[in-house]
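In mature numbering (1 follows the signal peptide of the UniProt record, and there is no 0), the protein residues as written are -19 to -1, 1 to 129.
Structure representation (structure tokens):
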């Protein structure tokens, strides 16, 4: 009788001992949500039962990231830059979460942070290239002035 009681209790408990629940919200509904490589749906995701442990929450699956890495290695410059901007957005919406067994966690993704990260990446790239050009022009002008 005891094994039957334990089995019934386990089946009726609703949450396996090694599971946790997660809620993923976003300031812009419709953002895709992945727990590692598992697609959870589009934000908002409410009270989803998942395996407990340490996970990455992100907006892109591994195949999409591999495609972006491939573009960075092989594509023309314009496509490489677009891949870089996309990767900056994904990075801004990626977070590590520790899900404890039997507990619930809530994560919020920000489309504004994703946009801000893309803009910052563009400023870094274009600012660095522009800064190097201006520095080169100044050094060239100084060298020309000294040489005369």
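Quick reminder that beta carbons are idealized off the backbone N, C-alpha and C, glycines included.
Review point. Along the chain, where does the beta strand (DSSP E) that runs through residue 79 open and close?
Key: Here residue 79 refers to the residue found at position 98 of the chain shown. Looking at the DSSP string, the run of the beta strand (DSSP E) that includes residue 79 is 76 to 80.
Check your understanding: Which residue from 10, 78, 124 puts its Cα closest to that of residue 34?
Key -> For the purposes of this step, residue 34 is taken as the residue at position 53 of the chain shown. Residue 78 is the option with its Cα nearest to residue 34.
Exercise for review: Leaving aside the five residues before and after residue 32 along the sequence, list all residues of the same chain whose C-beta is less than 7 Å from its C-beta, in chain order.
Suggested key: To locate residue 32, count along the chain shown from 1; it is residue 51. So the list reads -2, -1, once near-sequence residues are dropped.
Review point. Roughly how many angstroms separate the alpha carbons of residue 114 and residue 91, rounded to a whole number?
Key: The residue labelled residue 114 in the question sits at position 133 within the chain shown. The residue labelled residue 91 in the question sits at position 110 within the chain shown. Taking the straight line from one Cα to the other gives about 35 Å.
Review point. Starting from residue 1 and walking both ways along the beta strand (DSSP E), at which residues does that stretch end?
Key: Counting from one through the chain shown, the residue named residue 1 turns up at place 20. Where residue 1 is concerned, the enclosing beta strand (DSSP E) stretches over -1 to 7.
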